[in-house]
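> Chains as they are written, first to last, in the numbering used here: chain A, 12 to 286; chain B, 28 to 342; chain C, 12 to 504.
The structure is given below, and queries will be raised subsequently.
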Amino acid sequence: MSRHWPNRSLMIGAALVLVFISGGMVSLLWTPYAIDGVDIPNKMLMPSAAHWLGTDHLGRDILSMIMVGAQTSIAVAVLAVGIGMGVGIPLGLWAAARAGGWLDEVIMRGNDLVFAFPSLVIAILITAVFGPGAVNAIIAIGIFNIPVFARLTRGAALSLWRRDFVLAARVSGKSGLRISAEHILPNITSLLIVQGTIQFSLGILAEAGLSYVGLGAQPPIPSWGRMLAESQTLVSLAPQLALIPGLAIVLTVLGLNLMGDGLRDMLDPRIRAER
Amino acid sequence: MIGYVLRRLGSLIVSLIVASLVIFMVVEVAPGDPAAFMLGMNAQPDTLAALRAELGLNVSKPERYLNWVSGMVQGDFGTSYTYRTPVAGMIADRMWISLPLAVYALVLSTLIAFPAGIYAASRRGAAGDIAVMGATQLGVAVPNFWFAMIMVLVFAINLGWFSAGGFPGWDKGVWGGIKALTLPAIALALPQAAILARVMRSSLLDMLGEDFIRTARAKGLSGREVLWKHALRNALIPVLTIIGLQFSFLLAGGIIIEQVFYLPGLGRLVFQAITQRDLIVVESVVMLLVFAVIVVNFVVDLTYAMVDPRLRVRT
Amino acid sequence: MSQMSRLLSASAIAVCAGLGMAGAQTAITVAIQLEPPNLDPTGGAAEAIDSVVYSNIFEGLTRFTADGSVVPGLAASWEISEDGLVYTFKLHDGVTFHDGSTFDAGDVKFSLDRARAADSTNAQKPLFAQIADVTVADPMTVQVTLSQPNGSLLFNLAWGDAVIVAPETAAANATNPVGTGAFTFVNWVQGDRIELARNPAYWGTPAVLETATFRFISDPTAAFAAVMAEDVDVFSGFPAPENLPQFAADPRFQVIVGSTEGETILAMNNKLPPFDNVLVREAVSHAVDRQAIIDGAMFGYGTPIGTHFAPHNPAYVDLTAGSAYDPDRARTLLAEAGFPDGFTTTLKLPPPSYARRGGEIIAAQLRDVGIETEVSNVEWAQWLEQVFGAKDFGLTIVSHTEPMDINIYANPEYYFQYDNPDFQALMTELTATTDDAARTALMQKAQTIIAENYVNGYLFQLAALTVAKAGVQGLWPDAPVAAIDLTAVSWAK
Numbered sequence: 012m013s014r015h016w017p018n019r020s021l022m023i024g025a026a027l028v029l030v031f032i033s034g035g036m037v038s039l040l041w042t043p044y045a046i047d048g049v050d051i052p053n054k055m056l057m058p059s060a061a062h063w064l065g066t067d068h069l070g071r072d073i074l075s076m077i078m079v080g081a082q083t084s085i086a087v088a089v090l091a092v093g094i095g096m097g098v099g100i101p102l103g104l105w106a107a108a109r110a111g112g113w114l115d116e117v118i119m120r121g122n123d124l125v126f127a128f129p130s131l132v133i134a135i136l137i138t139a140v141f142g143p144g145a146v147n148a149i150i151a152i153g154i155f156n157i158p159v160f161a162r163l164t165r166g167a168a169l170s171l172w173r174r175d176f177v178l179a180a181r182v183s184g185k186s187g188l189r190i191s192a193e194h195i196l197p198n199i200t201s202l203l204i205v206q207g208t209i210q211f212s213l214g215i216l217a218e219a220g221l222s223y224v225g226l227g228a229q230p231p232i233p234s235w236g237r238m239l240a241e242s243q244t245l246v247s248l249a250p251q252l253a254l255i256p257g258l259a260i261v262l263t264v265l266g267l268n269l270m271g272d273g274l275r276d277m278l279d280p281r282i283r284a285e286r
Numbered sequence: 028m029i030g031y032v033l034r035r036l037g038s039l040i041v042s043l044i045v046a047s048l049v050i051f052m053v054v055e056v057a058p059g060d061p062a063a064f065m066l067g068m069n070a071q072p073d074t075l076a077a078l079r080a081e082l083g084l085n086v087s088k089p090e091r092y093l094n095w096v097s098g099m100v101q102g103d104f105g106t107s108y109t110y111r112t113p114v115a116g117m118i119a120d121r122m123w124i125s126l127p128l129a130v131y132a133l134v135l136s137t138l139i140a141f142p143a144g145i146y147a148a149s150r151r152g153a154a155g156d157i158a159v160m161g162a163t164q165l166g167v168a169v170p171n172f173w174f175a176m177i178m179v180l181v182f183a184i185n186l187g188w189f190s191a192g193g194f195p196g197w198d199k200g201v202w203g204g205i206k207a208l209t210l211p212a213i214a215l216a217l218p219q220a221a222i223l224a225r226v227m228r229s230s231l232l233d234m235l236g237e238d239f240i241r242t243a244r245a246k247g248l249s250g251r252e253v254l255w256k257h258a259l260r261n262a263l264i265p266v267l268t269i270i271g272l273q274f275s276f277l278l279a280g281g282i283i284i285e286q287v288f289y290l291p292g293l294g295r296l297v298f299q300a301i302t303q304r305d306l307i308v309v310e311s312v313v314m315l316l317v318f319a320v321i322v323v324n325f326v327v328d329l330t331y332a333m334v335d336p337r338l339r340v341r342t
Numbered sequence: 012m013s014q015m016s017r018l019l020s021a022s023a024i025a026v027c028a029g030l031g032m033a034g035a036q037t038a039i040t041v042a043i044q045l046e047p048p049n050l051d052p053t054g055g056a057a058e059a060i061d062s063v064v065y066s067n068i069f070e071g072l073t074r075f076t077a078d079g080s081v082v083p084g085l086a087a088s089w090e091i092s093e094d095g096l097v098y099t100f101k102l103h104d105g106v107t108f109h110d111g112s113t114f115d116a117g118d119v120k121f122s123l124d125r126a127r128a129a130d131s132t133n134a135q136k137p138l139f140a141q142i143a144d145v146t147v148a149d150p151m152t153v154q155v156t157l158s159q160p161n162g163s164l165l166f167n168l169a170w171g172d173a174v175i176v177a178p179e180t181a182a183a184n185a186t187n188p189v190g191t192g193a194f195t196f197v198n199w200v201q202g203d204r205i206e207l208a209r210n211p212a213y214w215g216t217p218a219v220l221e222t223a224t225f226r227f228i229s230d231p232t233a234a235f236a237a238v239m240a241e242d243v244d245v246f247s248g249f250p251a252p253e254n255l256p257q258f259a260a261d262p263r264f265q266v267i268v269g270s271t272e273g274e275t276i277l278a279m280n281n282k283l284p285p286f287d288n289v290l291v292r293e294a295v296s297h298a299v300d301r302q303a304i305i306d307g308a309m310f311g312y313g314t315p316i317g318t319h320f321a322p323h324n325p326a327y328v329d330l331t332a333g334s335a336y337d338p339d340r341a342r343t344l345l346a347e348a349g350f351p352d353g354f355t356t357t358l359k360l361p362p363p364s365y366a367r368r369g370g371e372i373i374a375a376q377l378r379d380v381g382i383e384t385e386v387s388n389v390e391w392a393q394w395l396e397q398v399f400g401a402k403d404f405g406l407t408i409v410s411h412t413e414p415m416d417i418n419i420y421a422n423p424e425y426y427f428q429y430d431n432p433d434f435q436a437l438m439t440e441l442t443a444t445t446d447d448a449a450r451t452a453l454m455q456k457a458q459t460i461i462a463e464n465y466v467n468g469y470l471f472q473l474a475a476l477t478v479a480k481a482g483v484q485g486l487w488p489d490a491p492v493a494a495i496d497l498t499a500v501s502w503a504k
C-alpha cells in the first residue's frame with residue numbers, strides 16, 4: 012500500500028476539521044454579525060462583500076450562523092463521545108478483567124440491548140420526552156456511544172489479557188484494576204482514538220439529524236441541521252440556504268473520517284478494520 | 028451447540044423483558060395528556076375525565092404495563108388513543124411499506140457495495156481503489172435527508188421521472204409501489220452502501236493476507252481465481268453480519284426519510300405518535316422494532332456460530 | 012359498510028382514479044397538512060376532522076357558506092318565538108343517511124341531546140349550554156327550547172360539532188362516518204389518505220365530482236414537492252407561503268388567497284408579573300412590528316389586526332393604530348412601569364411556522380427594547396399541557412381559528428387569564444341580544460375594550476392559502492370554518 016496515502020488522508024482531514032473547529036472557536040468571541048440579528052428587508056441575499064455567505068430567510072448572516080453552528084455540532088458530538096468513552100471504556104475494561112463471569116455477561120447483554128434499540132427512534136423519544144435541546148441531544152447520542160466503546164475496549168483488552176507481559180503482571184499480584192489502567196489501557200489508546208474520531212463524525216451526523224427534525228439545539232442557538240430544515244421550502248428561491256449548511260456537515264464529517272482513516276493507518280496498520 | 032443455542036435464547040428473553048420495561052418507563056414519563064391533546068383547547072374537565080376513562084388512562088401504571096405485555100404476547104398491541112383503532116392493524120398496514128422499503132434499500136445497497144468493494148480490493152492502492160474509497164467517504168459523510176431533498180428536487184420536480192413522494196398503495200399495482208419507493212430506497216441505501224463497500228473491501232483484503240491464500244497462490248492459482256474461489260467466500264462472513272445489522276437499522280432508521288417522502292410507514296407512525304402523545308402506539312411500535320432487531324441479531328449470531336465453530340466458545 | 016361493498020367501492024375508485032389520470036376529471040385529490048385523528052366532528056376538537064367531513068359527509072340544521080354566512084342546512088326553515096326562547100325547525104323531507112335509514116326529527120333530538128349530555132365528549136359543549144330541551148313535534152319538525160335567549164344559536168348550530176348523526180351509527184362515526192351529506196365515506200388508509208365517493212341518494216343538489224381523496228402532508232417541503240410534481244390537485248392550507256409566487260407564475264396552477272377566522276396573537280399571561288401591569292403589555296404591543304412578522308414569517312400573506320376580531324367581518328373595528336410599531340414608546344412605557352432595564356420571560360412556540368418564524372422575529376424585536384425571551388419550541392401536546400392547561404408561560408404565539416370567538420376574553424380561566432368583570436357582563440349581554448344592529452354595537456365595544464387593555468399582542472389574521480391545478484373550480488377562497496366543502500367543486504372543461 013502506498014505509504015503516502017495515510018498521511019495525505021490525515022492531512023486533508025485535519026485541515027478540513029481545523030477550518031470548522033477554528034470557526035467555532037472564533038465564534039465564541041466574535042462573529043461578523045449577531046446570530047439573532049433579524050433583518051427582514053435584507054433577507055435571502057446572495058453572498059456579497061457585506062455578507063460572505065449571504066443572509067437567510069430572516070435576514071441573519073449565514074457565515075455567523077455557520078460558525079456558531081460549528082460550535083453546536085462539535086460540542087454536542089464531542090460531549091457525546093465523551094460520555095461514550097467515559098462510561099464505555101471502564102465498562103469494557105471491567106468486563107475484560109472479569110471475562111467469563113456474570114459481570115462480563117451482564118455488561119455484554121446490556122451492550123446488546125442498547126445496540127438493539129433503534130437509535131434514532133430512541134433519540135427522538137428521549138428528546139421529545141425530556142425536552143428538545145442540546146443537552147438532551149448529547150445524552151441521547153451519548154447513550155448509544157457507550158456500547159460501541161465498551162465492546163471495542165473489551166474485545167481489544169481480551170486479546171491483551173493473554174499476552175505475556177500482562178500474565179507476568181498478574182502473577183506478580185497486581186489487581187485487575189491496576190493492570191487495566193497501567194498495561195491494557197495504554198496499549199489500546201490508539202484504537203480508541205481512531206474509534207473516537209469515527210464516533211465524533213457520527214455524532215455530527217446524529218446531531219444534524221436531530222436538529223433537522225427540530226429536537227436538537229433550540230433557537231436562537233443556530234444549528235446546521237435546523238438551518239437545513241428551515242431552508243427546504245426556500246430551496247427554489249435561494250438554493251444557497253440549503254447548500255451551505257449541507258456542505259458544512261459533509262465537509263466536517265468527511266474531514267473527521269479522513270482523519271480517522273489516516274490515524275488508523277499510521278498508528279497501527281496491523282489492527283483489523285472494525286466491524 | 029445446543030447449550031449455546033439455549034444460552035442465547037435465554038439471554039434473548041431476558042433482553043426482551045428488560046427492553047419492554049425500559050420502553051414502558053421512558054414512554055410513561057413523557058409529559059402531555061393524550062386526552063387533552065385529542066379534545067383541544069376548549070375541552071371541559073368533565074369531558075376530559077370521560078375520555079381518559081374511555082382510553083383506560085386512569086388505571087395504575089403497573090397494571091397498564093402488565094396489560095400491555097400480556098396483550099402483546101397474544102398479538103394484541105392495544106388500541107391507539109388517537110385513532111381508536113387496534114394498533115396491530117396499523118402496524119400491519121405500515122409494515123407493508125417499511126418492510127419492502129428496507130428490503131429494497133438493502134438490495135440496492137448490496138448491489139452497489141459488492142462490486143465497488145471487490146473492485147477496490149482487487150485494485151488495491153491504484154487509482155480505482157482510491158476513487159472508490161473517495162466515493163465511499165463522501166457517501167458516508169452526506170446526511171441522507173439532505174441527499175433525499177436534492178434527489179426530489181432533481182428527479183421529481185425538475186425531471187419529473189418520479190413522484191415527489193407518497194405511496195399509491197400496493198392494490199394499485201406493484202410497479203407503482205416500487206416506483207414510489209425508489210427515491211426513498213436510494214436515499215437510505217447510499218450511506219449503507221458506502222459502509223458496506225468499505226467492509227467488503229477491508230474484509231477481502233484481510234482474507235487476501237491470510238495463509239491459505241498464500242498457499243493457493245503458491246499452488247499457481249491466478250489472482251482472479253484466488254479472489255473469487257477462496258477469498259470472497261470467507262470474506263462474506265463479516266459482510267453478511269453487517270447486512271443483517273443494516274436490515275434492522277433500515278427498518279427503523281427510515282423515520283426522517285419517510286417524513287421527507289410522506290410515506291405512511293412505521294418510522295413516521297412512531298414520530299406522529301410521539302407528537303400526538305399516543306403512548307400505546309409508541310410503546311408497541313418501539314417494542315416491535317427492538318424485538319425485530321434482537322431476533323435478527325440472534326439469527327445472525329446462530330448462523331455465524333454454525334459457520335464458524337470457534338465462535339461458539341465465548342471469546 | 013360491508014367488506015364486500017367497500018372492496019367494490021375501492022375498485023371503483025381505482026378505476027375512476029385511472030380514468031382521472033386519463034383526463035376525464037371527476038376525481039380530485041385534496042391535500043391538507045394535518046390528518047384527522049378520527050372522523051367524528053362531535054367527538055374531537057381537531058380542525059382536521061371538519062376539514063374532511065364538514066358539509067361533505069355530515070350536515071347540521073344550519074351550515075356555513077363560502078362567505079361565512081349561515082344558511083339553512085337540514086332545516087329548511089325555522090320560526091323563532093317572540094321571547095326568543097323557542098326555535099321551531101322544519102326539516103327537509105326525503106333525506107336519508109348513507110346507510111339508507113331515513114332522517115327525521117328523532118335524529119335531531121338524538122344528536123343535540125347527545126352533544127349536551129353530561130358525559131358527552133363533545134369538545135364544544137358550551138355551544139349547547141343554553142338549550143334546555145329538544146322535543147319532536149312531528150317527524151319533520153323539531154322544537155328547541157332555550158333557558159335564555161341566545162343570539163348566536165343558529166350560528167352555533169352550523170358548527171361541525173353540531174352536525175346531525177343517527178343513533179344507530181353514532182358510536183362508530185369515528186372510524187366509519189355515516190351522515191347525510193353529498194359524499195359517502197369509502198376508505199381510510201391511516202397516515203395516508205381518506206377516500207370519499209359521491210352520494211347518489213343525496214337530498215339536495217348532487218356533487219359534481221364522483222370521488223374525492225384527502226391526503227395528509229404536514230411537511231412544508233413535501234407539500235411543495237407534491238404540488239409541483241402534480242401528485243395532488245388541491246392543497247388547502249398550504250404551509251409554505253414562500254412558494255406561492257412560484258405557483259402563481261406557473262400556468263399549471265392557481266393560487267387562491269382568502270381570509271380565515273384565525274386571529275394570530277402574541278398571548279401574554281395576564282396574571283403573571285410583569286404582564287399583570289397594563290403598561291408592560293402596552294410596551295410589548297408597541298415593541299412588535301406586525302408588518303415585519305407578516306413579511307418575514309408569512310412572506311406577506313396576512314392582514315394586520317388591532318384586536319381579536321376578523322377584519323373581513325362587517326363589525327370589525329380597526330384599532331391597529333393603538334398598538335403601532337414604536338420601540339421608543341415601548342422603552343418609555345417599560346421605564347414608567349418600573350423596568351428601565353427590561354426583564355426576562357419565556358416564549359413558548361407551537362409547531363406552525365407562523366409561530367416558529369414569527370417567534371424568532373418577535374424575540375429579536377423584544378430584545379431591542381430590553382425584553383429577553385427564553386424561546387422554547389414545543390409540540391401541540393406540550394403546548395396544551397404547559398401553556399393552555401398549566402398556564403406556565405409568559406408569552407406564546409397561537410392562532411385562534413374558531414369563528415366569532417371574542418368571548419374567550421370573558422373566561423378568566425382561559426389560558427391568558429384576562430379577568431375583567433365589565434367585559435364579562437358585556438359578553439353575557441351579547442349572547443342574549445338578538446337584534447343585529449345592537450349586536451354589532453356590542454361587538455365593537457368588546458373589541459375596543461380588549462384593545463385598550465392590551466390584553467394580548469394582536470398580530471395578524473391568518474390568510475387562507477390554497478394552491479390548486481388551474482382547472483379546479485368551486486373552491487372556497489375563504490375559510491369561515493375549518494372545512495373543505497367539495498359539494499360544488501368541479502373541473503373546468
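From the three backbone atoms N, C-alpha and C, an ideal C-beta is built for every residue, glycine too.
#1: For the candidate residues L306(B), L126(B) and L316(B), whose alpha-carbon lies nearest to that of K88(B)?
#2: Assess, as a yes-or-no matter, whether the stretch 292-299 of chain C is touched by the stretch 332-340 of chain C under the definition of 3 or more beta carbon pairs within less than 8 Å.
#3: Where W113(A) and R151(B) are concerned, what is the direct C-alpha to C-alpha distance, given to the nearest angstrom?
#4: With the cut-off set at 9 Å, would you say G248(C) and P52(C) are in Cβ contact?
#5: Among residues of its own chain, excluding the 5 on either side of E383(C), which ones have a beta-carbon nearer than 6 Å to its beta-carbon?
#6: Nearest chain A C-beta to N261(B) closer than 9 Å, yes or no?
#7: On the premise that F104(B) lies in contact with I283(B), defined as a C-beta separation below 8 Å, what is that separation, rounded to the nearest angstrom?
#8: Taking 7 Å as the limit between beta carbons, can you name the residues of its chain near L138(C), skipping five residues before and five after?
#9: Which residue or residues does DSSP assign as beta-bridge partners of Y98(C)?
#10: Taking all protein chains shown into account, decide if S311(B) is buried (16 or more other Cβ within 10 angstroms of its Cβ) or exposed.
#11: Rounded to whole angstroms, how far is the Cβ of T191(C) from the Cβ of I205(C), which I believe are closer than 8 Å?
#12: When DSSP builds the beta bridges, which residues end up paired with M279(C)?
#13: Which residues share a DSSP beta bridge with Q141(C)?
#14: Report the residue from A243(B), P291(B), Q273(B) and G187(B) whose alpha carbon sits nearest the alpha carbon of V226(B).
#15: Touch check for the stretch 236-253 of chain C and the stretch 301-314 of chain C: three-plus C-beta pairs under 8 Å?
#16: With DSSP as the reference, please indicate the residues paired to V268(C) in a beta bridge.
#17: Please return the same chain residues whose Cβ sits closer than 7 Å to the Cβ of F182(B), not counting the five positions on each side in sequence.
#18: Got a sec? Which residues, its chain only, sit under 6 Å from G103(A) by beta carbon, not counting five neighbours each side?
#19: Could you give the first and the last residue of the continuous beta strand (DSSP E) run that contains N388(C)?
#20: Where are the beta strand (DSSP E) runs, 3 residues long or more, that stay fully inside the stretch 178-251 of chain B, in chain order?
#21: Between F298(B), R91(B), I145(B) and Q303(B), which has its C-alpha nearest N49(C)'s C-alpha?
#22: Can you give me the C-alpha to C-alpha distance between A452(C) and A326(C), rounded to a whole angstrom?
#23: DSSP on V289(C), reduced to helix/strand/coil?
According to the data block:
#1: Closest option to K88(B), Cα to Cα, is L306(B).
#2: With the cut-off at 8 Å, the stretch 332-340 of chain C and the stretch 292-299 of chain C touch.
#3: About 44 Å.
#4: One thing to note: G248(C) has its Cβ no nearer than 9 Å to the Cβ of P52(C).
#5: The beta carbon of E383(C) is closer than 6 Å to those of T355 in its chain, skipping five residues each way along the sequence.
#6: No, because no Cβ of chain A sits closer than 9 Å to the Cβ of N261(B).
#7: Not a contact, Cβ separation roughly 24 Å.
#8: The beta carbon of L138(C) lies closer than 7 Å to those of N167, W170, D172 and A173 in the same chain, with the five residues before and after it left out.
#9: Paired residues: I91(C) and V155(C).
#10: Classification for S311(B): buried.
#11: At roughly 18 Å, the Cβ-Cβ gap does not stay under 8 Å, so T191(C) and I205(C) are not in contact.
#12: Paired residue(s): L406(C).
#13: In the DSSP assignment, no residue is bridged to Q141(C).
#14: The residue with the shortest Cα to Cα distance from V226(B) is Q273(B).
#15: Yes, the stretch 236-253 of chain C is in contact with the stretch 301-314 of chain C.
#16: BP columns for V268(C) point to L476(C).
#17: Here the set comprises W188, F189 and L210.
#18: For G103(A), where only same-chain residues beyond five positions count, the Cβ hits under 6 Å are A161, T164 and R165.
#19: Counting along the chain, the beta strand (DSSP E) containing N388(C) begins and ends at I382 to N388.
#20: You should have found no qualifying run.
#21: The candidate whose alpha carbon is nearest that of N49(C) is Q303(B).
#22: Rounded to the nearest angstrom, the two C-alpha atoms are 8 Å apart.
#23: Three-state DSSP puts V289(C) in a helix.
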